[in-house]
Structures are given as structure tokens and as C-alpha cells.
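**Q** In UniProt numbering, the protein residues as written are 1 to 192.
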């Protein structure tokens, strides 16, 4: 009978955490990821994954390697994100880009409130749109962004929630994707 101990490496727990989600600098396996980065990459590449470590931004994650046709082994399930949640993510990504492009900012992290997110998203609404329903539904789309790991709740006071935009959004929604979405949105607005 095999024993678990004989298969454990010093970086086994780090791999398990990476396979589950993004790992933050504050995690108890962060140092193992940094120390054993090459060994972890060698191990996970055997199942079609690539280790991405963003030391300066304080997170690491794995992504699927693609063949020449864009296919993967399918280990990581792709989540279908609805149109409304996609718009929330694009607004968050644009907000982070604007923040990073502003050299007068002293902070390194971008914080945003639910009210600020809603104000930004109202720009996408057509005239006559039911604002009350929009506010109610938008809370659901913002929660989806939290569930997907793009927003972290920092604090809740009275009727206001403050979030931190997670920098992984820059890895998932590249500038090319952002520009493409903005072009499609502009074409849509002009056609209405």
C-alpha cells in the first residue's frame, strides 16, 4: 500500500492551491511558489498548464497551454460569463487601466465602491431603461465579479461597499480585448 508521504514534495501544497484558484502574496504557500517556481512549472506542464507569477503585483495562477488551433487539454473549465457581467468586468478593467496610467496616484491598489461602478455602468444604459431594476440586477453582476475573483470586498459601511480591483483582471482581460469590446460597444450604440 502506498503512503502519501512518499509522494509529497516541498511544493505539493502550492500546486494544489494553484489548481484551485489564484494564490495571493499573503498565502502560506506563496514562498513555496517563489522558491520552487521551476519545479512547479515542470510538474504542471505535464498536464498542459503554465505557471504565471506576478511578484510585483503579489499573485500567481495557472493557465492552460493552447495548441496551434487554440485547443487545450480541458483541465480548467471555462466559465461562460453573461453580457452584463462582461460589461462590469470591462468597466473594472478600464478603471484599473486609467488608475495605472495616472502617475500622480500614490497608491498601488485601485479601490472602487459599488456606487462608482453603478455610475460608470449607467453610461451604457439606453433611454427609458428601468433604473430601479438595473440597480437590483447590477448588485448581482457585481457579486459575480467578486465570485470570479476580480473584485475583493474591503469593507461595508451602511449602504456602501468598497472593493479592491484584483490585478489578475489585467491578465484575463488584455488591452486588445478591452479595445475590441469598446469598438463593438461603440458600433452597437451607433446602431441603436
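We treat Cβ as the ideally placed atom computed from N, Cα and C, and that holds for glycine.
So for residue 160, helix, strand or coil by DSSP?
**A** Correct three-state label for residue 160: strand.
**Q** State the Cα-Cα distance for the pair residue 64 and residue 48, rounded to the nearest angstrom.
**A** 6 Å
**Q** For residue 221, name the three-state secondary structure that DSSP assigns.
**A** The chain is shown from 1 up to 192; residue 221 falls before or after that span and cannot be answered.
**Q** With distances taken Cα to Cα, identify the nearest neighbour of residue 166 among 99, 4 and 140.
**A** 99
**Q** Between the alpha carbons of residue 156 and residue 163, how many angstroms are there, rounded?
**A** In this structure, the alpha-carbon of residue 156 lies about 9 Å from that of residue 163.
**Q** From residue 45 to residue 37, what does the alpha carbon distance come to, in whole angstroms?
**A** 12 Å
**Q** Considering only the alpha carbon of each residue, which of 114, 154 and 87 lies closest to residue 184?
**A** Answer by Cα proximity: 87.
**Q** Closest to residue 141 by C-alpha separation, out of 85, 171 and 96, would be which residue?
**A** 85
**Q** Helix, strand or coil: how does DSSP classify residue 102 here?
**A** coil
**Q** Within 10 angstroms of the Cβ of residue 67, are there 16 or more other Cβ atoms? Answer buried if so, exposed if not.
**A** With fewer than 16 Cβ atoms within 10 Å of its Cβ, residue 67 is classed as exposed.
**Q** Just grab the DSSP bridge partners of residue 113 for me.
**A** According to DSSP, residue 113 bridges with 162.
**Q** Once you ignore the five residues that flank residue 17 on each side, which residues in its own chain have a CB closer than 6 Å to its CB?
**A** Cβ neighbours of residue 17 beyond the five flanking positions: 23 and 29.
**Q** Let me check one thing: in DSSP terms, what residues is residue 83 bridge-paired to?
**A** DSSP output for residue 83 lists no bridge partner at all.
**Q** If you compare alpha carbons, which of 91, 102, 172 and 56 is closest to residue 26?
**A** 56
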